[in-house]
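Participant: All the letters of the sequence shown, read from the start, carry residue numbers 1 to 265 under full-length UniProt numbering.
From the three backbone atoms N, C-alpha and C, an ideal C-beta is built for every residue, glycine too.
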Amino acid sequence: MSNCTTKSPLRKPVVLMPMGAQERAGHDYQVMTKKYMRPLVEHACCTPVLVPSCFGSDDIEQYLSMADGIYLTGAGSNIDPALYGQDNLTPEKTQDQDRDRFDLPLIHAALGLGLPLFVICRGMQELNVALGGDLHQKLYAIPDMLEHREDYGASVEQQYADVHKVKIVPGTWFAGLMQATEISVNSLHGQGIKTLGCGLEALAHAEDGLIEALHLPHYKQFSLGVQWHPEWQAAHNPYSIRMFSAFGDACRQRLAGSLQRQNKF
Numbered sequence: 001m002s003n004c005t006t007k008s009p010l011r012k013p014v015v016l017m018p019m020g021a022q023e024r025a026g027h028d029y030q031v032m033t034k035k036y037m038r039p040l041v042e043h044a045c046c047t048p049v050l051v052p053s054c055f056g057s058d059d060i061e062q063y064l065s066m067a068d069g070i071y072l073t074g075a076g077s078n079i080d081p082a083l084y085g086q087d088n089l090t091p092e093k094t095q096d097q098d099r100d101r102f103d104l105p106l107i108h109a110a111l112g113l114g115l116p117l118f119v120i121c122r123g124m125q126e127l128n129v130a131l132g133g134d135l136h137q138k139l140y141a142i143p144d145m146l147e148h149r150e151d152y153g154a155s156v157e158q159q160y161a162d163v164h165k166v167k168i169v170p171g172t173w174f175a176g177l178m179q180a181t182e183i184s185v186n187s188l189h190g191q192g193i194k195t196l197g198c199g200l201e202a203l204a205h206a207e208d209g210l211i212e213a214l215h216l217p218h219y220k221q222f223s224l225g226v227q228w229h230p231e232w233q234a235a236h237n238p239y240s241i242r243m244f245s246a247f248g249d250a251c252r253q254r255l256a257g258s259l260q261r262q263n264k265f
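#1: If we ignore side chains and look at the alpha-carbon of each, how far apart do G133 and V226 end up?
#2: Taking C-beta to C-beta, are I183 and A175 nearer than 7 Å?
#3: Where L10 and M66 are concerned, what is the direct C-alpha to C-alpha distance, given to the nearest angstrom?
#4: Since I believe Q191 is in contact with H136 (beta carbons under 8 Å), could you give me their beta-carbon distance rounded to a whole number of angstroms?
#5: Thinking A234 and L177 are a contact (beta carbons under 8 Å), I'd like their distance in whole angstroms, please.
#6: Going residue by residue through the stretch 77 to 121, where are the continuous beta strand (DSSP E) segments of at least 3 residues, counting only ones entirely within it?
#7: Specify whether the stretch 41 to 50 and the stretch 86 to 97 touch according to this definition: at least 3 beta carbon pairs, one from each stretch, less than 8 Å apart.
#8: Give the straight-line distance between the Cα atoms of L72 and I120, rounded to the nearest whole angstrom.
#9: Given a threshold of 16 other Cβ atoms within 10 Å of its Cβ, counted over all protein chains shown, does residue 285 qualify as buried or as exposed?
#10: Mind checking who A204 pairs with in its DSSP beta bridge?
#11: Going by DSSP, what residue range makes up the beta strand (DSSP E) through R24?
#12: Quick check on the burial criterion: 16 or more other C-beta atoms within 10 angstroms. Buried or exposed for P217?
#13: Measure the CB-CB distance between I193 and N263 and report whether it falls below 7 Å.
#14: What first and last residue would you give for the beta strand (DSSP E) that runs through Y140?
#15: Would the stretch 54 to 65 count as touching the stretch 156 to 170 if we require 3 or more Cβ pairs under 8 Å?
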């Protein structure tokens with residue numbers, strides 16, 4: 001159930017959601033899965049604006065001129081490893097270089113403007129790469145690491161079931177938001193953070209030590225990246241609701257500040 005009737009700004013905050021490439025029956029599509037949009041609408045109480053990433057980055061400033069927040073989602077594609085100085089060790093996996101070329105400059109521009117930023121799975125990895133970090137391309141080939149990938153032979157409900165715990169860094173704002181020291185999460189990724197990018201700081205770790213949540217503590221705006229998928233059936237998960245609500249509140253605060261500045265002129 002949406003709690004958005006309790007929110008009453010002059011308008012809802014606008015949140016940009018870059019889309020990704022998908023090929024279907026010989027046609028190129030730009031897509032965004034409904035499961036990512038639903039909690040943004042129902043729990044963050046924001047208006048999603050879907051942005052094509054296939055036409056280059058020339059119009060980023062124009063897109064940002066209408067934005068109160070940025071939300072980068074997961075996807076089936078991997079980031080081009082050349083962007084973090086590695087050879088491609090997973091040639092069997094699809095890439096989406098158009099999204100790479102759009103999202104990385106979008107991240108830098110959004111941070112410079114002070115826009116709230118919420119990034120999930122691939123989006124969290126993009127944030128890390130944009131800030132100079134790198135990735136493990138094959139977590140499943142590293143000794144003593146958990147199996148973080150989904151079972152492709154299982155049902156969707158089984159794939160998105162909670163499969164491991166993450167320990168939240170004590171004393172952080174994220175621990176306060178979650179009201180917990182440890183939570184159970186789903187896991188659907190073969191890659192993960194290896195070296196943190198400049199300015200990033202871990203907020204949670206998996207049982208094998210992998211970074212599962214992060215933020216930018218030296219930036220004033222809201223920033224949160226998580227490696228799991230809080231969007232999945234978010235209405236039934238209090239931790240997901242808290243994350244999306246906090247992001248929505250940050251976007252409303254950004255909108256209110258923008259409207260206040262406009263009213264001065």
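Facilitator: So, from the data block:
#1: Here the question's residue 133 lines up with position 133 in the sequence shown. Here the question's residue 226 lines up with position 226 in the sequence shown. G133 and V226: Cα-Cα distance of roughly 16 Å.
#2: Taking the sequence shown and counting its residues from 1, one reaches residue 183 at position 183. Taking the sequence shown and counting its residues from 1, one reaches residue 175 at position 175. Taking 7 Å as the Cβ cut-off, I183 and A175 do not qualify as a contacting pair.
#3: Taking the first residue of the sequence shown as position 1, residue 10 is located at position 10. Taking the first residue of the sequence shown as position 1, residue 66 is located at position 66. L10 and M66: Cα-Cα distance of roughly 15 Å.
#4: If you number the sequence shown from 1, residue 136 lands on position 136. If you number the sequence shown from 1, residue 191 lands on position 191. With a contact defined as Cβ atoms closer than 8 Å, H136 and Q191 qualify at about 6 Å.
#5: Position 234 of the sequence shown holds residue 234. Position 177 of the sequence shown holds residue 177. Between L177 and A234 the Cβ distance is about 15 Å, and since that is not below 8 Å, they are no contact.
#6: List check, beta strand (DSSP E) in window: 117 to 120.
#7: They do not touch, by the three-pair rule.
#8: Looking up residue 72 in the sequence shown gives position 72. Looking up residue 120 in the sequence shown gives position 120. In this model, L72 and I120 are separated by some 6 Å (Cα to Cα).
#9: Past the boundaries of the shown model lies residue 285; the chain is included only from 1 to 265, so the question cannot be answered.
#10: Walking along the sequence shown from the start, residue 204 turns up at place 204. I168 and A213.
#11: Along the sequence shown, one-based indexing puts residue 24 at 24. In the DSSP assignment, R24 falls within the beta strand (DSSP E) that extends over G20 to R24.
#12: Numbered from its first residue, the sequence shown carries residue 217 at position 217. Around the beta carbon of P217, fewer than 16 other beta carbons lie within 10 angstroms, which makes this residue exposed.
#13: Taking the sequence shown and counting its residues from 1, one reaches residue 193 at position 193. Taking the sequence shown and counting its residues from 1, one reaches residue 263 at position 263. No, the Cβ-Cβ distance between I193 and N263 is not below 7 Å.
#14: Position 140 of the sequence shown holds residue 140. That residue, Y140, is in no beta strand (DSSP E); it is neither H nor E in DSSP.
#15: no
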